Each structure stands twice: as C-alpha cells, then as structure tokens.
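Heads up: the sequence shown begins at 1 in UniProt numbering, then just goes up one per residue. Every residue gets a Cβ at the ideal spot worked out from N, C-alpha and C, and that includes glycine. Small disclaimer: the values here were computed from a predicted structure and weren't measured. Here's the structure we're looking at; comments come further down.
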Amino acid sequence: MKNECWKKAIESELLALEENQTWDIMPCPPSVKPLGSKFVFSIKLRSDGSIDRYKARLVVLGNKQEYGLDYDENFAPVAKMTTVRTILALAASKSWPLHQMDVKNAFLHGDLKE
C-alpha cells in the first residue's frame, strides 16, 4: 500500500508542475550545464499522529551550482518573524479577525528571471 501512496504523491507533484506550466522543454546549448533533480519524500501527519498524506517534491540539485558562474544572487521572499509578530500584536490590540491560509505549490507561481 505504501508504494501506491508514494506513486500517487509523485503523480500529484508532476501534475501540479505540469498544470502550473513550470517549465518549457528546449534544447540545451553546449555552453550550459544542466542541473539534475531528485524527489524528496515526506509524510505529513495529523495532530493525532496519524498519517494525513504522503508528499513528494521534485527539487533541482541547486547545490551543484557555483556562485558567480551559475548565479549571482540567492533570495527567497519570506516575511521576518518580527513583522509577523507586529501584525499579530496590532490585530490583537484592535480586535481584528485573523485568517490563516496556505497556497499549495506557492513557489510555482513566481517567474524566474534569467
């Protein structure tokens, strides 16, 4: 059964990548060194410890890149915890309602500038 769960997780990941038009297939110029990829597997648990779902993520092996040769900067737009705490404190002091959300495959929604 677990093998089927992992197969479904891989299929779900590949479907999400395809639906979000994550990549274009194109010829690789001789001067370009293509990067490999691999799947990273994890099991998501419910609060009671039971299995919620099996998750597979296809990741690029970016650790094979060389700074200055393959890329010039590395940046991930993530909110600082001090900013989050300030907003939560302000919302609490003003009795504002709070809502939480999760964007599935959020990293797929940005454009990669070359």
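Which value, in whole angstroms, describes the spacing of the CA atoms of glutamine 65 and methionine 101? As a working mapping, residue 65 is identified with position 65 in the sequence shown. As a working mapping, residue 101 is identified with position 101 in the sequence shown. About 33 angstroms.
If you reduce the DSSP assignment to three classes, tell me which class isoleucine 87 lands in. If you number the sequence shown from 1, residue 87 lands on position 87. Helix at isoleucine 87.
If we ignore side chains and look at the alpha-carbon of each, how far apart do serine 50 and histidine 99 end up? As a working mapping, residue 50 is identified with position 50 in the sequence shown. As a working mapping, residue 99 is identified with position 99 in the sequence shown. Between the alpha carbons of serine 50 and histidine 99 lies a gap of roughly 25 angstroms.
Do the segment 50-62 and the segment 25-34 meet, that is, are 3 or more Cβ pairs less than 8 angstroms apart? A contact between stretches requires three or more CB pairs, one per stretch, nearer than 8 angstroms, and the segment 50-62 fails this requirement with the segment 25-34.
First and last residue of the alpha helix (DSSP H) that includes leucine 61? For the purposes of this step, residue 61 is identified with residue 61 of the sequence shown, where counting begins at 1. Annotation: leucine 61 is outside any alpha helix (DSSP H) and is labelled neither H nor E by DSSP.
From which residue to which residue does the alpha helix (DSSP H) around serine 47 run? On the sequence shown, residue 47 is found 47 positions in, with the first residue counted as 1. Looking at the DSSP string, serine 47 is not in any alpha helix (DSSP H), and its letter there is neither H nor E.
Which of the three DSSP states is assigned to lysine 55 in this structure? Position 55 of the sequence shown, counted from the start, is the residue given in the question as residue 55. In the structure shown, the three-state DSSP call for lysine 55 is strand.
Below 8 angstroms CB to CB, which residues in the same chain sit around glutamate 8 once its five sequence neighbours on both sides are set aside? As a first step, residue 8 is located in the sequence shown; it is residue number 8 there, counting from the start. The sequence given here has lysine at residue 8, not glutamate. Excluding positions up to five away in sequence, the list reads Tyr54.
How many angstroms separate the CA atom of aspartate 70 from the CA atom of phenylalanine 39? As a working note, residue 70 is residue 70 in the sequence shown. As a working note, residue 39 is residue 39 in the sequence shown. A direct Cα-to-Cα measurement between aspartate 70 and phenylalanine 39 gives close to 22 angstroms.
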